[in-house]
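Just so we're on the same page, our numbering is the position in the sequence shown counted from 1, plus 69.
Glycine is no exception: its CB is placed at the ideal position from the N, C-alpha and C atoms.
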Amino acid sequence: MIIAGIYPFKGGKEIIRSQHPAELREVEQIIAAVDSTQCKTKTSREKTMPGRTLYSPRALNRAFTKEFGLRGWEKYKVHCDYPTEYYVSDFVPNSSSKGAFREMDFVKNRVGVEVQFGKYAFMVYNVCAKMTIFHKLGVIDVGIEIVPIKLFAEEMSTGVSYFEQFVWDLEHRGVADIDIPVLVLGVTT
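Structure (structure tokens):
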């Protein structure tokens, strides 16, 4: 795969290049090592493209997981104990937070990486919530979000979000005090 787009959110490009150049080089090597042609395995059952062979987000995620693992990047999971004191007095939930967790796809040397070939809401959550949470927990200082560009997303199921849309929204949202530096990388075949 190749990097086709680079967007620095809150100075992410400059900070990662200056403070984490080795990790950035590894991420670039990982992207180059992923053979997306091996991931074009999904047969569409959608009305708009029946029978068409598409890129499988699951296969792409497995390929990225393999490459990150080969270079010593690890998933980072924190267990969640959800508060219960906010329930109204006569409500008793049927389930608990047992087994609940939040997970960062890959972490190494305080750099967190999320690979997202899914719905738009997950891209926003990763950068605007999850990375902030993991920063507050002392796990990461900066983040990298890997997403498809529009041309690549069009070769997946409908509803997969893409780099151009995400960048537009981040630019129009603006930066908040709690945001951390993130480098958004748009990838394609």
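Alpha helix (DSSP H) segment containing residue i, residue limits
| i | result |
| --- | --- |
| Y189 | Y189 to Y194 |
| K79 | Looking at the DSSP string, K79 is not in any alpha helix (DSSP H), and its letter there is neither H nor E. |
| V96 | P90 to A102 |
Nearest-angstrom Cβ-Cβ length linking residue i and residue j, presumed shorter than 8 Å
| i | j | result |
| --- | --- | --- |
| L123 | E224 | 6 Å |
| V211 | I249 | 6 Å |
| C108 | A132 | 6 Å |
| P217 | G255 | 7 Å |
Residue i versus residue j - alpha carbon distance
| i | j | result |
| --- | --- | --- |
| Y151 | V251 | 27 Å |
| V244 | T201 | 12 Å |
| P90 | V229 | 30 Å |
| F78 | L93 | 15 Å |
| F137 | D159 | 48 Å |
| E83 | E115 | 41 Å |
| V161 | T153 | 9 Å |
| Y76 | T134 | 23 Å |
| V176 | Y145 | 7 Å |
Limits of the beta strand (DSSP E) - the one that residue i falls within
| i | result |
| --- | --- |
| K146 | E143 to H148 |
| D174 | F170 to K177 |
| I213 | V211 to P217 |
| G255 | V251 to T257 |
Under the three-state DSSP convention, the category residue i falls into
| i | result |
| --- | --- |
| R131 | helix |
| L206 | coil |
| E240 | helix |
| V182 | strand |
| A245 | coil |
| T227 | coil |
| K116 | coil |
| T153 | coil |
| T268 | With the chain covering only 70 through 258, there is no way to say anything about residue 268. |
| K111 | strand |
Buried or exposed (CB count within 10 angstroms, at least 16 for buried), residue i
| i | result |
| --- | --- |
| F63 | Residue 63 lies beyond the stretch modelled for the chain, which goes from 70 to 258, so this question has no answer here. |
| K188 | exposed |
| H241 | exposed |
| S105 | buried |
| A222 | buried |
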